[in-house]
Amino acid sequence: MRNYDTIVADLAPRKFGRRGIIWISILSLLIVLGIIAYVDQVIQGQKVTNMNDYSLWGIYISNFVFFVATSFVGSATVAILRLTKNEWRTPLVRIAEIITLACIIMAGITITIDMARPDRVMYLFIHARLQSPITWDIIIIPTFIVISLLLLYFPLLPDFAVLKKYYAESKPRLSKLYGRLSLKWTGNSEQKALHIKSIRVLSILILMAGVLLQTIDAWLFSTTYRIGWDSSAFAPYFISGAFVAGIGALVTVIYVVRRTRKLENYITEYHFDKMGKLLALACIIYLFFNINEYVVPFFTAKKGEDAHLHSLLVGNYAFLFWLVTVVGLVLPVILLFFKKGRKPFSMFLIGMIVVIGSWWKRYIIITPTLQEPILPIQGVPESWHSYFPSMHEWVITVATLAMALLIITLLIRFLPAVPIQRTADEEEVASIQLKQIPS
Amino acid sequence: MRKSKSNLSGLRIVFWIFILPLMVFSSYGQEVQKNRVRIKADYIKVMNSQSYLDIKVISRIDRQMQDVPNIELEVYYEFDNDEIPLGKTKTNMSGASRFILPPLSEIKADSTGTYTLGVAFGGNENFKRGSRSVSFKDANIITQLLEIDSTNYIKASITKAIDTTPVVNSSLRVQVQRLIRPLKIGEDFNYTDENGTILVSVEKGIPGPEGILTLEVVLADSDDYGTVKAITKAPLGVPIVKDNSFNERSLWAPRDRTPYFILIFTILLLVLTWGPIMYLIRNLYKIYKSQ
Numbered sequence: 001m002r003n004y005d006t007i008v009a010d011l012a013p014r015k016f017g018r019r020g021i022i023w024i025s026i027l028s029l030l031i032v033l034g035i036i037a038y039v040d041q042v043i044q045g046q047k048v049t050n051m052n053d054y055s056l057w058g059i060y061i062s063n064f065v066f067f068v069a070t071s072f073v074g075s076a077t078v079a080i081l082r083l084t085k086n087e088w089r090t091p092l093v094r095i096a097e098i099i100t101l102a103c104i105i106m107a108g109i110t111i112t113i114d115m116a117r118p119d120r121v122m123y124l125f126i127h128a129r130l131q132s133p134i135t136w137d138i139i140i141i142p143t144f145i146v147i148s149l150l151l152l153y154f155p156l157l158p159d160f161a162v163l164k165k166y167y168a169e170s171k172p173r174l175s176k177l178y179g180r181l182s183l184k185w186t187g188n189s190e191q192k193a194l195h196i197k198s199i200r201v202l203s204i205l206i207l208m209a210g211v212l213l214q215t216i217d218a219w220l221f222s223t224t225y226r227i228g229w230d231s232s233a234f235a236p237y238f239i240s241g242a243f244v245a246g247i248g249a250l251v252t253v254i255y256v257v258r259r260t261r262k263l264e265n266y267i268t269e270y271h272f273d274k275m276g277k278l279l280a281l282a283c284i285i286y287l288f289f290n291i292n293e294y295v296v297p298f299f300t301a302k303k304g305e306d307a308h309l310h311s312l313l314v315g316n317y318a319f320l321f322w323l324v325t326v327v328g329l330v331l332p333v334i335l336l337f338f339k340k341g342r343k344p345f346s347m348f349l350i351g352m353i354v355v356i357g358s359w360w361k362r363y364i365i366i367t368p369t370l371q372e373p374i375l376p377i378q379g380v381p382e383s384w385h386s387y388f389p390s391m392h393e394w395v396i397t398v399a400t401l402a403m404a405l406l407i408i409t410l411l412i413r414f415l416p417a418v419p420i421q422r423t424a425d426e427e428e429v430a431s432i433q434l435k436q437i438p439s
Numbered sequence: 440m441r442k443s444k445s446n447l448s449g450l451r452i453v454f455w456i457f458i459l460p461l462m463v464f465s466s467y468g469q470e471v472q473k474n475r476v477r478i479k480a481d482y483i484k485v486m487n488s489q490s491y492l493d494i495k496v497i498s499r500i501d502r503q504m505q506d507v508p509n510i511e512l513e514v515y516y517e518f519d520n521d522e523i524p525l526g527k528t529k530t531n532m533s534g535a536s537r538f539i540l541p542p543l544s545e546i547k548a549d550s551t552g553t554y555t556l557g558v559a560f561g562g563n564e565n566f567k568r569g570s571r572s573v574s575f576k577d578a579n580i581i582t583q584l585l586e587i588d589s590t591n592y593i594k595a596s597i598t599k600a601i602d603t604t605p606v607v608n609s610s611l612r613v614q615v616q617r618l619i620r621p622l623k624i625g626e627d628f629n630y631t632d633e634n635g636t637i638l639v640s641v642e643k644g645i646p647g648p649e650g651i652l653t654l655e656v657v658l659a660d661s662d663d664y665g666t667v668k669a670i671t672k673a674p675l676g677v678p679i680v681k682d683n684s685f686n687e688r689s690l691w692a693p694r695d696r697t698p699y700f701i702l703i704f705t706i707l708l709l710v711l712t713w714g715p716i717m718y719l720i721r722n723l724y725k726i727y728k729s730q
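Line by line, the protein sequences are chains A and B.
All letters in the first sequence, in the order written, are residues 1 to 439 by my numbering.
All letters in the second sequence, in the order written, are residues 440 to 730 by my numbering.
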């Protein structure tokens, strides 16, 4: 059993080491390059991208959908595991909350990048039509950002109070900041009652908002009558996909945090084993929806849909499609069935594969459909029949991914990655239980 | 002094060498090439209405046929080698003009009942004079609506005005007036029988304002009779139902006409999300105040 002081010392935020500084420098460099590319895009216009009249949604939108999907991790872990009373969630939820916040912020920024002129965001509010799914999107994204922020902040209140005390002598300025953020938390019964009630409300709220967000994101596509998107099962398809992307990202980040912060005693193999089972379940559900999305049209497809399926299964996008499906989805399920596959390092590799697969999956969902327009145009330039992002698009997209990682890194630097007070409480309860067991 | 005088005369010679050709060529340039006008005139008679001449004036300018706008034309009729003026008209910007004719009773025909109308242009600084005459006999079309075995028909008879004898084996066109161009009904060519009559069925389902169709029976561009047209209003169509969906609340309407179910559902979701958010922010404040 660890004592309270050891727990606080282990879990309190720490300065970056040399590797941390190099990591932040690389991310910052990528972000600067992305900002330069974006400024050039604003000056020159969307002509610097490879988007055209056919592929009017390119890599930016697939990246946006990826961020939205990954932000579901907050709903998937914090809410679902809390509501189902899975106690093993404790060391994982904080990182899940951080990923959720970082990803939903980046989703909002990415959609602005896609608009070419950032001032057009204002028009979305001024000229909003409630009939348009885009309007639903601009309502739900700020809402989800606020909820994610509250979801991160509420459980942090006791930890801020702990950190205020911990840094009181060694870092008085930091202690003062944590003190302000703790909202004068003393842990009295009234505060605890409000705290528990608020987190319960937040768990339900984030789950509802998460499902809404994924559904709206799916309806953005399925209400456009486009081949490959015109599906009544698109919302559950997106939710299950978000489940996979979110848990994949969580597993990956948890492994890195565990190693760099030396939290092996807090995030144990048991947690990875549990996460592995959860990821396997998510992948199987998503696989089912994939089969539903592709196998049914395979038998019933009309001419246009047939061309779309052909491009995916054996055509231009076949390599990417099968890579994403087999390596990004089927292989993780097989590996996760074995106990060795659910060990920390294996889980890290599987998580990485799942995240990369999830990113390319969004690309596969969006781009091939755009190549099959509702009304084909005669005599279009040959270049319109294919799309691959330009250098500007790649640099900006990589910068947004780097920015998400930077937000996660900085939050982990200044916040306890594992809840301190809750871990201490659980340890205390465990020690009391141990004492009560007759020898 | 003498030297300067000789220099001066030399300059004059040089001046005239350069200026004279310019003056000669410019005088050629000032002589305007007059173009020939081509006048087209069509006689059109609308039964129980006015008859008129549709006039079009064009000219070949710079190897291109162009409309001749704003020129004055004189309209007259010929009788016994005399040209009796009927009036004047002016072409519009498209080079066209419509001259409303007086009743044919005021125009004299020759012994065969043939009328000859003329359109003349007196010429101006740009165009040479020109004229065109058109000859026709007067004819009448009478229409009648019939219903035979639940099928609606329009029956039309064409007769010569001079002796009311039927005009046989003439092609009459039957059409419904539409906004852009008429809708032809019946056969492509409806030839009149020995009674000068045709019978054309009016198919069901043609839309018209309040179900009224404006049917036209036309003898078009006849060498003998010009164009003769009879217009009949027939209650044989399907009433046009005005589409008022633009003003309704729909998915494709402007934002001030959002369907109520979307409005209510969105407001409900906003309340369901922002209500708890406000509650949580209030809880933060209460935590801050509770010590």
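Note that the Cβ used here is the ideal one computed from N, Cα and C, for glycine as well.
The model shown is predicted, which means the values in this text are computed figures rather than measured ones.
Closest residue to residue i among the options (Cα-Cα distance)
i	options	result
Phe-238(A)	Thr-223(A), Asp-217(A) and Ile-126(A)	Asp-217(A)
Ile-98(A)	Ala-424(A), Asp-425(A), Leu-405(A) and Thr-423(A)	Leu-405(A)
Val-146(A)	Gln-730(B), Ile-716(B) and Asn-722(B)	Ile-716(B)
Ile-546(B)	Lys-529(B), Phe-575(B), Ala-659(B) and Lys-567(B)	Phe-575(B)
Ser-684(B)	Pro-678(B), Pro-693(B) and Gly-676(B)	Pro-693(B)
Ala-548(B)	Gly-534(B), Asn-520(B) and Phe-566(B)	Asn-520(B)
Ser-132(A)	Thr-553(B), Leu-690(B) and Thr-551(B)	Leu-690(B)
Ile-364(A)	Asp-159(A), Tyr-255(A), Trp-57(A) and Ser-346(A)	Trp-57(A)
Thr-224(A)	Arg-413(A), Leu-370(A), Tyr-60(A) and Asp-5(A)	Leu-370(A)
Val-333(A)	Lys-164(A), Lys-171(A) and Leu-278(A)	Leu-278(A)
Ser-55(A)	Glu-426(A), Glu-428(A), Ala-399(A) and Pro-376(A)	Pro-376(A)
Ile-405(B)	Leu-149(A), Pro-158(A) and Pro-297(A)	Outside the shown range of chain B (440 to 730) lies residue 405(B), about which nothing can therefore be said.
Ile-637(B)	Ala-659(B), Gly-562(B), Val-607(B) and Asp-682(B)	Val-607(B)
Boundaries (first-last residue) of the beta strand (DSSP E) holding residue i
i	result
Tyr-363(A)	Run containing Tyr-363(A): none in the beta strand (DSSP E); it sits in the alpha helix (DSSP H), 344 to 370.
Leu-654(B)	652 to 661
Lys-171(A)	Segment: none, Lys-171(A) is in no beta strand (DSSP E) and carries neither H nor E.
Lys-668(B)	665 to 673
Asp-273(A)	First-last for Asp-273(A): 269 to 300, but that is the alpha helix (DSSP H), not the beta strand (DSSP E).
Ile-497(B)	490 to 500
Leu-512(B)	511 to 518
Backbone secondary structure at residue i - three-state DSSP
i	result
Thr-582(B)	strand
Gly-468(B)	In this predicted model, Gly-468(B) has a pLDDT of only 48, less than 50, meaning its place in the structure is not dependable; the value taken from the coordinates is given anyway. Here Gly-468(B) sits in helix by DSSP.
Thr-528(B)	strand
Asn-634(B)	coil
Ile-437(A)	Note that Ile-437(A) scores a pLDDT of 48, beneath 50, so its modelled location is shaky and nothing firm can be said.
Tyr-718(B)	helix
Val-333(A)	helix
Ala-535(B)	strand
Ile-458(A)	Residue 458(A) is absent from the structure shown; chain A starts at 1 and stops at 439.
Lys-15(A)	coil
Pro-158(A)	helix
Gln-505(B)	strand
Phe-704(B)	helix
Gly-379(A)	coil
Leu-710(B)	Note that residue 710(B) corresponds to Val in the displayed sequence, not to Leu. Helix at Val-710(B).
Phe-388(A)	coil
Delimiting residues of the alpha helix (DSSP H) encompassing residue i
i	result
Met-106(A)	90 to 114
Glu-305(A)	303 to 313
Gly-246(A)	234 to 260
Val-42(A)	18 to 44
Closer than 6 angstroms: residue i CB and nearest the ligand SAM heavy atom
i	result
Lys-725(B)	This structure simply doesn't include the ligand SAM, nor any ligand for that matter.
Does the count of Cβ pairs from the stretch 570 to 585 of chain B and the stretch 593 to 611 of chain B closer than 8 angstroms reach three? The stretch 570 to 585 of chain B, when compared against the stretch 593 to 611 of chain B, does touch it at the 8 angstroms Cβ threshold.
With 9 angstroms as the limit, tell me which residues of the stretch 169 to 195 of chain A have their beta carbon closer than that to any beta carbon of chain B; keep them in chain order. The stretch 169 to 195 of chain A vs chain B, Cβ under 9 angstroms: Leu-183, Lys-184, Trp-185, Thr-186, Asn-188, Glu-190, Gln-191, Leu-194 and His-195.
Cβ pair count under 8 angstroms reaching 3, the stretch 695 to 709 of chain B against the stretch 634 to 646 of chain B: By the Cβ test, the stretch 695 to 709 of chain B is not in contact with the stretch 634 to 646 of chain B, since fewer than three Cβ pairs between them sit closer than 8 angstroms.
Does the pairing of the stretch 510 to 518 of chain B with the stretch 543 to 562 of chain B give three or more beta-carbon distances under 8 angstroms? Because the criterion of three Cβ pairs below 8 angstroms is met, the stretch 510 to 518 of chain B and the stretch 543 to 562 of chain B touch.
Given a limit of 7 angstroms on CB to CB distance, which residues of the stretch 112 to 130 of chain A reach chain B? Of all residues in the stretch 112 to 130 of chain A, only Ala-128, Arg-129 and Leu-130 place a beta-carbon less than 7 angstroms from a beta-carbon of chain B.
Are the stretch 192 to 200 of chain A and the stretch 720 to 730 of chain B touching by the rule of at least three beta carbon pairs closer than 8 angstroms? The stretch 192 to 200 of chain A makes contact with the stretch 720 to 730 of chain B, as at least three CB pairs between them are under 8 angstroms.
Check each residue of the stretch 696 to 711 of chain B: if its Cβ is closer than 8 angstroms to any Cβ of chain A, include it; give the result in chain order. Of all residues in the stretch 696 to 711 of chain B, Thr-697, Pro-698, Ile-701, Leu-702, Thr-705, Leu-708, Leu-709 and Leu-711 have a Cβ within less than 8 angstroms of some Cβ in chain A.
How about the stretch 240 to 256 of chain A and the stretch 279 to 286 of chain A: do they share at least three Cβ pairs that are nearer than 8 angstroms? Yes: at least three Cβ pairs fall under 8 angstroms.
Could you check whether the stretch 702 to 714 of chain B touches the stretch 662 to 679 of chain B, counting it as contact only if at least three pairs of C-beta atoms, one from each stretch, sit closer than 8 angstroms? They do not touch, by the three-pair rule.
Determine, using beta-carbon pairs with one atom in the stretch 65 to 76 of chain A and one in the stretch 98 to 113 of chain A, whether at least three such pairs fall under 8 angstroms. They touch, by the three-pair rule.
Which residues, in order along the stretch 146 to 171 of chain A, keep a beta-carbon less than 9 angstroms from a beta-carbon of chain B? Correct list: Val-146, Ile-147, Leu-150, Tyr-153, Phe-154 and Leu-157.
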